[in-house]
Amino acid sequence: MSFDLASRLAARRAEHLYRQRPLLDSPQGPEVVVDGQPLLAFCSNDYLGLANHPEVIRALQDGAARWGVGGGASHLVIGHSTPHHELEEALAAFTGRPRALLFSTGYMANLAAVTALVGQGDTVLEDRLNHASLLDAGLLSGARFSRYLHNDAASLAARLDKATGNTLVVTDGVFSMDGDLAELPALCAAAREKGAWLMVDDAHGFGPLGAHGGGIVEHYGLGLDEMPVLVGTLGKAFGTAGAFVAGSEALIETLIQFARPYIYTTSQPPAVACATLKSLELLRTEGWRREHLNRLIARFRAGAAELGLTLMDSPTPIQPLVIGDSARAMDFSRLLREHGFLVGAIRPPTVPAGTARLRVTLSAAHSEEQVDRLLAALGECQALLAPESDA
Ligand SMILES: Cc1ncc(COP(=O)(O)O)c(C=O)c1O
Numbered sequence: 007m008s009f010d011l012a013s014r015l016a017a018r019r020a021e022h023l024y025r026q027r028p029l030l031d032s033p034q035g036p037e038v039v040v041d042g043q044p045l046l047a048f049c050s051n052d053y054l055g056l057a058n059h060p061e062v063i064r065a066l067q068d069g070a071a072r073w074g075v076g077g078g079a080s081h082l083v084i085g086h087s088t089p090h091h092e093l094e095e096a097l098a099a100f101t102g103r104p105r106a107l108l109f110s111t112g113y114m115a116n117l118a119a120v121t122a123l124v125g126q127g128d129t130v131l132e133d134r135l136n137h138a139s140l141l142d143a144g145l146l147s148g149a150r151f152s153r154y155l156h157n158d159a160a161s162l163a164a165r166l167d168k169a170t171g172n173t174l175v176v177t178d179g180v181f182s183m184d185g186d187l188a189e190l191p192a193l194c195a196a197a198r199e200k201g202a203w204l205m206v207d208d209a210h211g212f213g214p215l216g217a218h219g220g221g222i223v224e225h226y227g228l229g230l231d232e233m234p235v236l237v238g239t240l241g242k243a244f245g246t247a248g249a250f251v252a253g254s255e256a257l258i259e260t261l262i263q264f265a266r267p268y269i270y271t272t273s274q275p276p277a278v279a280c281a282t283l284k285s286l287e288l289l290r291t292e293g294w295r296r297e298h299l300n301r302l303i304a305r306f307r308a309g310a311a312e313l314g315l316t317l318m319d320s321p322t323p324i325q326p327l328v329i330g331d332s333a334r335a336m337d338f339s340r341l342l343r344e345h346g347f348l349v350g351a352i353r354p355p356t357v358p359a360g361t362a363r364l365r366v367t368l369s370a371a372h373s374e375e376q377v378d379r380l381l382a383a384l385g386e387c388q389a390l391l392a393p394e395s396d397a
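Quick note: to get this note's numbering, add 6 to the position in the sequence shown (first position is 1).
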């Protein structure tokens with residue numbers, strides 16, 4: 007008996023689903039060097055252009071000089087340092103929640119929150135298009151796990167009727183591969199009626215959404231009662247790394263006591279927390295970044311409509327162009343790259359079968375002229391691509 011990895015890999019290639027990592031040889035930003043080629047990138051989640059901001063870099067450098075590099079141990083042993091603590095307090099104030107807890111990644115924050123809140127005998131209900139980390143968390147929890155139709159409060163309500171034990175409803179805030187917003191007011195109402203808790207992972211909403219970048223809960227004006235479990239990640243619009251869960255005193259203490267992905271891991275380097283404190287300040291106060299980004303979104307959508315390209319119905323910096331077939335999506339992405347543009351093709355299983363797409367993302371670091379150049383390239387590549395039946 008041996009593992010037949012070669013056939014598994016060959017099958018992945020044959021299905022046009024093989025993944026390769028573009029090698030980035032420059033900092034994040036619109037203009038990148040990938041595999042030795044200068045390209046204009048429209049695929050990062052650095053929505054506000056903070057990942058390579060000089061003040062954030064300086065905060066990281068100063069933080070490393072003051073606090074060293076390694077976290078050294080888990081938070082519960084000796085890894086919880088002053089920058090971590092200050093960042094938690096700043097994130098609690100920013101989100102208007104009593105407390106916040108810092109994690110090294112969003113994947114871990116999601117595993118932690120779901121598995122600490124529900125287990126055997128309980129129920130976890132998730133949007134069918136939730137991020138993989140949320141779906142994995144639901145499966146790992148041991149609770150009864152069911153997925154409701156995308157953004158459909160009636161479908162959720164039907165499942166809530168059959169739920170047993172403590173029930174947690176979990177949704178992306180901004181759906182990562184579609185760019186649309188969760189219908190939180192309707193989902194909240196359905197959950198509250200049945201005494202269920204709602205958890206939102208707003209990885210893609212913090213920064214671009216809300217008057218001060220407070221994400222989907224600021225957008226809809228939802229407080230602690232409506233949204234008891236609020237997750238944000240720091241590697242996207244914050245431009246750094248890590249994640250947080252914000253909520254009540256009791257929620258955060260429960261995570262500290264019971265969440266295994268919190269307890270059994272080394273804290274993130276404290277200098278990263280120093281950098282995030284700076285990027286949080288920029289994210290909150292530099293409203294022009296959101297305004298510019300919103301202008302770019304409107305410009306891109308109008309230009310795409312003129313070209314006859316059908317974008318998904320998204321008001322956020324995530325502007326997917328659904329292609330359908332995986333091979334065709336790869337061809338489109340390859341052609342764009344030949345024209346000097348980097349736009350990722352997203353294929354199953356990341357998205358449902360038959361909905362492969364180009365996931366265009368915009369950033370406040372882009373200029374209007376760069377967006378116009380992307381539109382021109384999309385127009386040219388569209389014309390060069392073979393008709394769908396040949397794909
Ligand atoms: C919606 C969502 N949640 C969580 C994550 C995971 O966050 P992290 O990259 O910090 O692990 C991602 C993407 O990475 C995401 O898109």
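Built from N, CA and C at the ideal position, the CB exists for glycine as well. Computed from a predicted structure; not experimentally measured.
To the nearest angstrom, report how far apart residue i and residue j are at their CA atoms.
i: L187; j: T271; result: 32 Å
i: L228; j: L11; result: 48 Å
i: A99; j: G42; result: 43 Å
i: S285; j: G219; result: 12 Å
i: A397; j: D331; result: With a pLDDT of 39 at A397, under the threshold of 50, the modelled position of this residue cannot be trusted; read the value that follows with caution. Spanning the two alpha carbons is a distance of roughly 8 Å.
i: A217; j: L15; result: 46 Å
i: E344; j: Q274; result: 38 Å
i: L82; j: D207; result: 25 Å
Can you name the start and end residues of the beta strand (DSSP E) that residue i belongs to?
i: T177; result: 173-178
i: D425; result: Because the chain spans 7 through 397 in this model, residue 425 falls outside it and cannot be assessed.
i: D319; result: No beta strand (DSSP E) holds D319; DSSP gives it neither H nor E.
i: S152; result: 150-154
i: R365; result: 362-367
i: Q34; result: Premise fails: Q34 is in no beta strand (DSSP E) and is neither H nor E.
i: M205; result: 203-207
i: T239; result: 235-239
Are residue i and residue j close, meaning C-beta to C-beta below 8 Å?
i: T173; j: L131; result: yes
i: L341; j: C387; result: yes
i: L162; j: Y154; result: yes
i: I352; j: R365; result: yes
i: P267; j: A118; result: yes
i: G74; j: P89; result: no
i: L302; j: L315; result: no
i: A71; j: L283; result: no
i: V39; j: S50; result: no
i: H210; j: S182; result: yes
On the DSSP letters alone, give me the boundaries of the alpha helix (DSSP H) that residue i sits inside.
i: V40; result: Note, V40: premise wrong, no alpha helix (DSSP H); beta strand (DSSP E) at 37-40.
i: Q126; result: Where Q126 is concerned, there is no enclosing alpha helix (DSSP H), given that its DSSP letter is neither H nor E.
i: Q26; result: Neither: Q26 is in no alpha helix (DSSP H) and is coded neither H nor E.
i: F181; result: Note, F181: premise wrong, no alpha helix (DSSP H); not H, not E.
i: L288; result: 276-291
i: R353; result: First-last for R353: undefined, no H or E at that position.
Measure from the alpha carbon of residue i to the alpha carbon of each residue in the options, then state which is nearest.
i: S373; options: E344, V251, R305; result: R305
i: N300; options: S80, A370, N58; result: A370
i: V251; options: T111, P89, D68; result: T111
i: G6; options: L193, L141, I329; result: Shown here, the chain extends from 7 to 397; a query on residue 6 therefore has no answer.
i: Y53; options: V357, A160, G241, T291; result: G241
i: L236; options: G148, F338, L107; result: L107
i: T367; options: Y24, R290, L230, D184; result: D184
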